[in-house]
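Residue numbers (my numbering): -18 to 340.
We put the CB at the ideal spot given by N, CA and C, even for glycine.
Heads up: the structure comes next, in structure tokens.
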């Protein structure tokens, strides 16, 4: 059966990552600071206080700690890997002329005018004295960006070439930061377009996490609202180091129930019918993946977990560490590693809409 499908965008303007700047959650206290997205203090700068337990911090808790400390002039809040582990660092001075580019890291400089927002509802963070170990963290990332991939000759074959041509017209495009080049300097990005009868091609890109996990996923979610929960997800899982131990990039379908994500079981016949033409590569710390999937699945809905993509949807983008052959646990709230989360997730939620596809 032929499906004459056309992609139409609600707006011709580029779709931007909006809540992604705040680690998947609204930021209550950000108005009290001047924010530098994807920026860190200069390598030589040392915080005078740091969070004792990184997994026990939120962005607003970190900012509240600075607001309540007269010595604090700037805050660095960063996703540093592990199981939702975040760094919260307080600085007594800042040099915004020598900032370094660091994905998943935001610098906040306290405004001169007094903040009128209350912080009583935010639990204080247990802080300890900072030391020069922070310098090593910054240097590691710089070295990682400069280091050539040792598997370069194995996996580099120009499998995927993402570009902005057609964005807002024949393609849906979501980039962070806005205006970046998906092949060079995007922290994360998603491109999707109709590529044939009943076929939607999806391209995703993300920087490899630090520290580098054995496997990383890049996911696109289709949601009826701007919040995580009750969403259909398609994720590509691949190795940031290249084709690890012969493992090829794989694409799966899953479902967000609340802030948890569970794999949707499809047998090989069903999966091959739904997903095809999977390509993936990791080059110089950048992961990219491309696949094509059916717009209207020609099979069971799997109890409502497999959707027809012929309606308006919000798009959710996410990347994080993945465990081989295990369902992923997705949670925007930092948690104690002893609770057994099987995956780290840095959610980049989009407030803007997506597309119509009509038959």
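C-alpha gap between residue i and residue j, whole angstroms
{"i": "residue 234", "j": "residue 245", "result": "6 Å"}
{"i": "residue 199", "j": "residue 31", "result": "30 Å"}
{"i": "residue 260", "j": "residue 272", "result": "6 Å"}
{"i": "residue 106", "j": "residue 46", "result": "7 Å"}
{"i": "residue 162", "j": "residue 67", "result": "27 Å"}
{"i": "residue 180", "j": "residue 274", "result": "6 Å"}
{"i": "residue 277", "j": "residue 185", "result": "21 Å"}
{"i": "residue 300", "j": "residue 188", "result": "9 Å"}
{"i": "residue 22", "j": "residue 290", "result": "43 Å"}
{"i": "residue 207", "j": "residue 295", "result": "6 Å"}
{"i": "residue 61", "j": "residue 192", "result": "7 Å"}
{"i": "residue 78", "j": "residue 157", "result": "22 Å"}
{"i": "residue 84", "j": "residue 19", "result": "5 Å"}
{"i": "residue 75", "j": "residue 7", "result": "25 Å"}
{"i": "residue 270", "j": "residue 17", "result": "29 Å"}
{"i": "residue 143", "j": "residue 59", "result": "27 Å"}
{"i": "residue 280", "j": "residue 190", "result": "35 Å"}
{"i": "residue 88", "j": "residue 116", "result": "15 Å"}
{"i": "residue 178", "j": "residue 249", "result": "22 Å"}
{"i": "residue 149", "j": "residue 155", "result": "10 Å"}
{"i": "residue 93", "j": "residue 113", "result": "28 Å"}
{"i": "residue 288", "j": "residue 282", "result": "7 Å"}
{"i": "residue 293", "j": "residue 147", "result": "20 Å"}
{"i": "residue 102", "j": "residue 33", "result": "20 Å"}
{"i": "residue 229", "j": "residue 108", "result": "43 Å"}
{"i": "residue 284", "j": "residue 253", "result": "19 Å"}
{"i": "residue 226", "j": "residue 121", "result": "Residue placement at residue 226 is flagged as unreliable, the pLDDT there being 43, under the threshold of 50; the coordinate-derived value follows with that caveat. Residue 226 and residue 121: Cα-Cα distance of roughly 25 Å."}
{"i": "residue 15", "j": "residue 145", "result": "30 Å"}
Which of helix, strand or coil DSSP assigns to residue i
{"i": "residue 114", "result": "helix"}
{"i": "residue 8", "result": "coil"}
{"i": "residue 198", "result": "strand"}
{"i": "residue 157", "result": "strand"}
{"i": "residue 104", "result": "coil"}
{"i": "residue 167", "result": "coil"}
{"i": "residue 35", "result": "helix"}
{"i": "residue 13", "result": "helix"}
{"i": "residue 120", "result": "helix"}
{"i": "residue 295", "result": "strand"}
{"i": "residue 149", "result": "coil"}
{"i": "residue 302", "result": "strand"}
{"i": "residue 20", "result": "strand"}
{"i": "residue 177", "result": "strand"}
{"i": "residue 188", "result": "strand"}
{"i": "residue 182", "result": "strand"}
{"i": "residue 204", "result": "strand"}
Residue i vs residue j beta-carbon contact at 8 Å
{"i": "residue 204", "j": "residue 297", "result": "yes"}
{"i": "residue 171", "j": "residue 201", "result": "yes"}
{"i": "residue 52", "j": "residue 10", "result": "no"}
{"i": "residue 212", "j": "residue 237", "result": "yes"}
{"i": "residue 24", "j": "residue 119", "result": "yes"}
{"i": "residue 55", "j": "residue 29", "result": "no"}
{"i": "residue 100", "j": "residue 49", "result": "yes"}
{"i": "residue 214", "j": "residue 231", "result": "no"}
{"i": "residue 255", "j": "residue 247", "result": "yes"}
{"i": "residue 43", "j": "residue 96", "result": "no"}
{"i": "residue 240", "j": "residue 210", "result": "yes"}
{"i": "residue 70", "j": "residue 111", "result": "yes"}
Local Cβ density within 10 Å of residue i, reported as buried at 16 or more and exposed below that
{"i": "residue 104", "result": "exposed"}
{"i": "residue 86", "result": "buried"}
{"i": "residue 38", "result": "buried"}
{"i": "residue 159", "result": "exposed"}
{"i": "residue 82", "result": "exposed"}
{"i": "residue 356", "result": "There is no way to answer for residue 356, as the model of the chain reaches only from -18 to 340."}
{"i": "residue 221", "result": "buried"}
{"i": "residue 151", "result": "exposed"}
{"i": "residue 197", "result": "buried"}
{"i": "residue 175", "result": "buried"}
{"i": "residue 91", "result": "buried"}
{"i": "residue 302", "result": "buried"}
{"i": "residue 168", "result": "buried"}
{"i": "residue 262", "result": "buried"}
{"i": "residue 165", "result": "exposed"}
{"i": "residue 57", "result": "buried"}
{"i": "residue 242", "result": "buried"}
{"i": "residue 153", "result": "buried"}
{"i": "residue 347", "result": "There is no way to answer for residue 347, as the model of the chain reaches only from -18 to 340."}
Any chain B beta carbon closer than 8 Å to residue i
{"i": "residue 203", "result": "Among the protein chains of the structure shown there is no chain B, as only one such chain exists."}
So within the stretch 220 to 291, which uninterrupted beta strand (DSSP E) runs reach at least 3 residues, ignoring any that extend past its ends?
231 to 238, 241 to 244, 256 to 264 and 267 to 275
Runs of alpha helix (DSSP H) wholly within the stretch 38 to 91 (minimum 4 residues, chain order)
40 to 48
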